[in-house]
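Student: Take this structure, written in structure tokens, and hold onto it; I'll ask about it next.
Protein chains: 2
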Amino acid sequence: MRIALAQINPVVGDIAGNERLISNAIADARAGGAALVCLPELAITGYPPEDLVLKQHFVDDAADALARIASQVDGIVAVVGYPEQADQLYNSAAVLADGKIASSYRKNRLPNYGVFDEHRYFKAGNRGAVLELNGALIGLSICEDIWTPGEPESVEAEAGASLILNLSASPYQAGKGSAREEMLVARAKENNAAIAFCAQVGGQDELVFDGHSLVINAAGEILARAPQFEEWLLFCELQLRQADFSAAIAPDVDFLGSFVTSPPNEDTSLDHLLARVADDDEAVYAALVLATRDYTNKNGFNGVVLGLSGGVDSALVACIARDALGADRVTTVTMPSKYSSAGTYNDAVTLASSLGVSLIELEIGTLMDGYEALLAQQFAEREPDLTEENLQARIRGNLLMALSNKFGWLVLTTGNKSEMAVGYSTLYGDSAGGFAVIKDLPKTLVYRLCELRNGRKDQPIPVSILTRAPSAELRPDQADQDSLPPYEVLDPLLELYVEQDYGVEQLLAEGFDEKTIRHVIGLVDRAEYKRRQQPPGVKVTGKAFGRDRRLPITNRYSQ
Amino acid sequence: MRIALAQINPVVGDIAGNERLISNAIADARAGGAALVCLPELAITGYPPEDLVLKQHFVDDAADALARIASQVDGIVAVVGYPEQADQLYNSAAVLADGKIASSYRKNRLPNYGVFDEHRYFKAGNRGAVLELNGALIGLSICEDIWTPGEPESVEAEAGASLILNLSASPYQAGKGSAREEMLVARAKENNAAIAFCAQVGGQDELVFDGHSLVINAAGEILARAPQFEEWLLFCELQLRQADFSAAIAPDVDFLGSFVTSPPNEDTSLDHLLARVADDDEAVYAALVLATRDYTNKNGFNGVVLGLSGGVDSALVACIARDALGADRVTTVTMPSKYSSAGTYNDAVTLASSLGVSLIELEIGTLMDGYEALLAQQFAEREPDLTEENLQARIRGNLLMALSNKFGWLVLTTGNKSEMAVGYSTLYGDSAGGFAVIKDLPKTLVYRLCELRNGRKDQPIPVSILTRAPSAELRPDQADQDSLPPYEVLDPLLELYVEQDYGVEQLLAEGFDEKTIRHVIGLVDRAEYKRRQQPPGVKVTGKAFGRDRRLPITNRYSQ
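Right under this line is the structure:
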């Protein structure tokens with residue numbers, strides 16, 4: 098049996114646009130000789146639709162679109178994710194065949210951890226479901242259903258399913274590709290059934306979906322793999338057992354109907370695509386490029402603007418922006434002050450030039466003098482402190498926002514996760530903007546991705562950017578490491594504290610010294626209010642700041 | 098039997114501080130002759146602890162504190178909310194007696210809607226629980242458990258409970274006081290059991306808890322009511338049926354043990370407090386005062402600063418700040434530009450003077466000229482537009498933040514819900530700050546609260562502030578109503594769209610005209626990115642922007 102997995106890039110809330118994507122995928126799958134085509138979880142709404150599904154008319158509009166899609170389905174069975182309104186709302190997979198919605202499967206396992214809030218929206222189903230197609234039994238499952246052994250796959254396999262479909266919207270994080278393949282291979286073997294995993298691709302606010310649709314046979318061999326980070330219609334030819342109908346379907350499995358399609362007239366032999374799985378860092382870079390492109394385009398911005406400080410963070414963001422959107426949609430701005438060095442200024446100029454992006458130069462000294470003069474009376478008898486450093490950052494933020502307002506550009510911010518963790522950024526200053534591209538990248542990963550990007554032929558990032566000691570350049574001779582441990586110490590400590598919820602005792606056991614631990618976690622906890630006002634950015638680690646980590650601002654626990 | 102309800106104001110994460118509050122309440126209850134004292138839901142951690150409970154050492158520390166509290170309990174039974182680690186984590190009520198933790202009840206109904214995410218943290222219990230105290234049976238329940246008829250209260254009452262305790266942390270919203278009383282009266286009558294409702298009080302980030310602890314007899318009569326918005330130890334004398342132990346406890350109810358306390362030696366007759374329930378607007382004002390005081394104090398700020406524009410919004414926030422913190426902890430700033438009128442300037446001066454708060458004056462004209470000169474080359478051939486308006490707001494934001502940085506003051510922002518809804522605010526400008534006091538107040542409610550506050554003897558708000566047409570004063574002769582429908586139309590429309598999830602068809606049926614509907618909901622949907630970067634503020638309506646309403650930024654559905 099030939100099947101097709103439609104790895105589409107829907108836009109959340111764009112029901113009409115998603116309807117077109119789905120209809121086209123079904124038509125292309127049929128034209129390619131597939132008897133069955135699978136689409137991702139909640140394909141009709143895009144994932145995650147969040148509180149849109151609390152609007153009854155949104156759910157109704159999605160149902161209408163599904164009915165229109167179904168009316169065109171002929172000669173193929175299509176399985177499409179949608180929100181199903183029954184006694185309550187379900188996260189369901191509709192079986193479309195012969196011009197109508199034949200039946201549905203309801204997701205059993207609703208994730209409600211990390212970035213997921215599915216209990217907020219959906220009721221869980223509690224039954225498996227199989228359909229018969231050309232004599233073979235095919236089981237259905239949705240995303241989380243398949244991540245642990247057991248139901249619904251186990252009961253579907255017991256009922257005779259030789260293929261289990263999984264409709265998915267599985268957010269990317271570093272290393273997820275290999276974890277996902279191992280999990281699916283295990284599931285195939287446990288159930289002695291082939292698995293077809295069809296996943297959404299694309300960026301959606303803080304999430305990026307890598308696609309990575311797969312077909313695996315019952316022996317756990319990968320037969321076909323779609324490329325990550327792009328749309329794809331993946332075909333696969335499968336040998337499926339003919340179902341034995343002498344045994345009754347198990348009582349905890351719904352039978353969704355029997356369907357027959359005609360094999361294609363011509364012989365259309367098939368080479369299976371086995372796209373290469375990207376290395377971890379390579380995948381992170383690709384994820385950031387896709388997320389930036391999708392956020393910019395799906396939200397209708399004509400271009401982006403960012404400040405170039407001459408440091409690694411803005412260098413990396415500039416490369417990502419150029420790779421995502423092309424040089425002519427990227428504007429960079431250098432905003433030197435009296436504390437900026439000639440080195441960083443020259444590096445910014447060199448970088449913009451090698452990327453081929455335009456560079457605007459705005460000196461902030463006069464404005465800084467203006468603020469200081471205006472505040473002189475209030476600040477009399479007070480020494481310069483963080484206030485003046487923040488003012489410089491905020492002048493720069495204002496200038497970028499003014500360019501954004503005047504020209505309709507999206508401001509990309511350039512703060513990394515290490516800074517965001519310890520609060521080394523200025524609210525309304527360097528953190529002012531619409532999309533925080535690398536907010537979930539530890540500083541050490543920023544360096545690695547710069548090296549990775551410089552491995553390509555154009556080598557855009559001047560080596561001096563990579564070798565200079567990091568500094569905010571907001572006062573004379575400032576360096577990050579004056580007040581922070583080296584990033585090689587800080588980043589592992591932050592990972593354990595922020596992502597793994599280690600406490601002081603566990604951190605001591607890991608060999609960090611107590612003074613460093615107390616200093617760093619104190620900084621992390623006190624910066625919660627800043628993080629609450631950051632722009633959205635791309636999750637690439639196991640736990641990103643944002644919906645993935647929900648801590649109170651008012652909180653006296655710091656351990 | 099005399100019981101006591103300890104309406105405490107815990108600080109989230111302050112386990113040591115909360116331990117003291119709880120121990121003191123137990124001691125005071127015993128000294129007051131109570132046989133039983135009840136504390137709020139998750140009293141030991143404060144509510145909501147959010148992802149703190151994902152830290153195992155946090156849960157362990159809470160358990161240690163509970164054990165210390167228990168070791169001191171003697172001559173009284175105390176019921177205390179805490180996170181209970183068993184096979185999984187439960188939201189539980191511990192029964193403390195005779196120096197130890199006797200047993201626990203596990204919350205059955207976990208809210209996972211609106212501002213609540215309890216499925217993220219807890220497993221639901223599925224059994225009722227009763228304890229025997231001095232011959233009477235007492236059932237336990239936690240917050241959400243009691244908001245709908247049925248279990249666990251019904252099975253506890255069937256098992257013979259003549260009193261049902263409810264440990265609560267019930268966030269305030271306008272009108273909730275009366276809804277809560279009606280619900281509890283209904284529950285008492287249905288179950289033919291007295292109800293003792295003990296609730297947390299205080300501000301916690303975006304939530305404010307009004308307390309409003311109550312004792313209701315089995316006939317549905319309110320015997321005692323604690324005041325809203327303050328800490329209180331509420332005593333009540335109850336006549337409870339002696340339990341009939343001839344019937345076995347039902348199989349779905351846990352029996353938590355039998356306890357005996359000695360009645361106090363002296364006759365300590367009791368007058369029941371029946372605190373007055375505040376009117377709706379009065380309660381909203383009190384909620385904002387408490388939330389502002391608690392956010393400021395719990396986060397350790399020595400004072401607050403806010404800009405006074407001479408408009409109603411900043412006038413109301415100034416009153417709230419003064420009432421919350423006292424005049425000497427409030428600094429106001431007037432930042433006139435060439436578009437500011439003498440009227441608004443004078444009103445700001447008058448207001449600051451009648452509130453007795455200090456006023457700093459900073460003219461922003463020179464800085465505005467500085468920005469325009471710096472950007473002149475880039476902006477050549479472009480007309481002035483929103484860019485220049487936003488720059489003025491951002492200069493003001495920078496000045497407030499500079500004062501905040503230099504003097505350690507919390508910046509209060511002054512935007513209301515109507516503005517926040519339609520995006521009539523400047524990111525990093527008027528929305529820059531730490532706490533958005535009135536972000537959940539529709540403009541029409543802002544006016545009502547100003548009138549309410551002016552009903553007090555000091556009448557701080559100049560009448561001209563209340564009668565002048567609202568304007569941002571960012572360009573010549575600007576008025577809000579040039580580009581928005583009148584607030585008397587806008588606010589009801591926004592309530593239906595934002596809080597009730599009405600769609601276009603339903604709004605048309607309500608009599609709004611289509612052009613207005615499309616205009617307004619387009620503004621609301623396009624402003625999602627701005628709302629994502631707002632400071633936290635106080636929820637007072639049925640659905641606040643923030644965790645209460647989770648919509649994607651990237652979203653093409655606008656209906």
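Protein chains in written order, with our numbering: chain A, 98 to 656; chain B, 98 to 656. Beta carbons are placed, not taken as given, at the ideal position from N, Cα and C, and that holds for glycine. These numbers come from a predicted model, not from an experiment.
(1) Taking C-beta to C-beta, are residue 582 of chain B and residue 613 of chain B nearer than 7 Å?
(2) Please return the same chain residues whose Cβ sits closer than 8 Å to the Cβ of residue 637 of chain A, not counting the five positions on each side in sequence.
(3) Keeping to the same chain, check which residues put their C-beta closer than 6 Å to that of residue 312 of chain A; ignore five residues upstream and five downstream.
(4) Do residue 140 of chain A and residue 177 of chain A have their C-beta atoms within less than 7 Å of each other?
(5) Compare the Cα-Cα distances from residue 348 of chain B to each of B/279, B/425, B/226, B/341 and report the closest residue.
(6) Mind checking if residue 652 of chain A is an interface residue toward chain B, Cβ cutoff 7 Å exclusive?
(7) Name the chain B residues whose beta carbon is nearer than 9 Å to that of residue 472 of chain A?
(8) If contact is defined by three or more beta carbon pairs under 8 Å, each pair taking one atom from either stretch, is the stretch 480-493 of chain B in contact with the stretch 503-515 of chain B?
(9) Should residue 578 of chain A be labelled buried (16 or more other beta-carbon atoms within 10 Å of its own) or exposed?
(10) Looking at residue 414 of chain A: is its Cβ nearer than 7 Å to the Cβ of residue 508 of chain A?
(11) Run down chain B in chain order and give the residues with a C-beta less than 7 Å from the C-beta of residue 155 of chain A.
(12) Identify whether residue 314 of chain A lies in helix, strand or coil by the three-state DSSP scheme.
(13) In chain order, what residues of the same chain have a beta carbon less than 7 Å from the beta carbon of residue 549 of chain A, not counting five sequence neighbours either side?
(14) Is residue 511 of chain B close to chain A? Criterion is C-beta to C-beta, closer than 7 Å.
(15) Would residue 147 of chain A and residue 648 of chain B be called neighbours here (beta carbons separated by less than 7 Å)?
(16) Following the continuous alpha helix (DSSP H) through residue 135 of chain B, name the residue where it begins and the one where it ends.
(17) Name, going along the chain, the residues of the stretch 389-416 of chain A whose beta-carbon falls closer than 8 Å to a beta-carbon of chain B.
(18) Quick check on residue 351 of chain A: does DSSP put it in helix, strand or coil?
(19) Please report how far the alpha carbon of residue 109 of chain B lies from the alpha carbon of residue 409 of chain B, in whole angstroms.
(20) Less than 6 Å between C-beta atoms, sequence neighbours within five positions excluded: which residues of the same chain meet that for residue 500 of chain A?
(21) By how many angstroms is the C-alpha of residue 631 of chain A removed from the C-alpha of residue 497 of chain A?
(22) How far does the alpha helix (DSSP H) with residue 589 of chain A in it extend, from its first residue to its last?
(23) Measuring CA to CA, which of A/654, A/545, A/629 is closest to residue 598 of chain A?
(24) In chain order, which continuous runs of the beta strand (DSSP E) of length 3 or greater are located wholly inside the stretch 420-500 of chain A?
(25) Quick one: Cα of residue 568 of chain B to Cα of residue 463 of chain B, how far?
(26) State the DSSP-derived secondary structure class of residue 580 of chain B, mapped to helix, strand or coil.
(27) Please confirm whether residue 649 of chain A has its beta-carbon closer than 7 Å to some beta-carbon of chain B.
(28) In terms of alpha-carbon separation, which member of A/234, A/405, A/374 lies closest to residue 448 of chain A?
(29) Using the DSSP secondary-structure output, state which residues sit across from residue 307 of chain A in a beta bridge.
(30) Taking the alpha helix (DSSP H) that residue 252 of chain B belongs to, which residues open and close that run?
(31) I believe residue 400 of chain A touches residue 430 of chain A by the beta-carbon criterion, under 8 Å. Please report the beta-carbon distance rounded to the nearest angstrom.
(32) Report back the beta-carbon spacing between residue 179 of chain A and residue 163 of chain A to the nearest angstrom; my notes put them in contact at under 8 Å.
(33) Note down the Cα distance separating residue 307 of chain B from residue 544 of chain B, rounded to an integer number of angstroms.
(34) On the DSSP letters alone, give me the boundaries of the alpha helix (DSSP H) that residue 541 of chain B sits inside.
(35) Can you pull the chain A residues whose beta carbon is under 7 Å from the beta carbon of residue 632 of chain B, in chain order?
(36) Ends of the beta strand (DSSP E) at residue 99 of chain A?
Tutor: If we stick to the structure as given:
(1) yes
(2) 269, 270, 271, 305, 381, 384, 385, 537, 538
(3) 293, 320, 321, 333
(4) Going by beta carbons, residue 140 of chain A and residue 177 of chain A fall inside the 7 Å limit.
(5) B/226
(6) The Cβ of residue 652 of chain A sits closer than 7 Å to at least one Cβ of chain B.
(7) 459, 496, 499, 500, 503
(8) no
(9) exposed
(10) The answer is no: Cβ separation not under 7 Å.
(11) 654
(12) coil
(13) So the list reads 378, 379, 382, once near-sequence residues are dropped.
(14) no
(15) yes
(16) No alpha helix (DSSP H) holds residue 135 of chain B; the beta strand (DSSP E) holding it covers 133-135.
(17) Of all residues in the stretch 389-416 of chain A, the ones placed with a Cβ closer than 8 Å to any Cβ belonging to chain B are 391, 392, 395, 396, in chain order.
(18) strand
(19) Roughly 33 Å separates the two Cα atoms.
(20) Around residue 500 of chain A, the same chain offers 402 as residues with beta carbons nearer than 6 Å, after the five sequence neighbours per side are excluded.
(21) 16 Å
(22) That run of the alpha helix (DSSP H) goes 584-591.
(23) Looking at A/654, A/545, A/629, the one whose alpha-carbon comes closest to that of residue 598 of chain A is A/654.
(24) Here the runs fully enclosed are 427-431, 455-458.
(25) About 22 Å.
(26) coil
(27) yes
(28) A/405
(29) A/298, per the DSSP bridge assignment.
(30) 250-255
(31) Residue 400 of chain A to residue 430 of chain A, Cβ: 13 Å. No contact.
(32) 5 Å
(33) 23 Å
(34) Note, residue 541 of chain B: alpha helix (DSSP H), 540-551.
(35) 630
(36) 99-104
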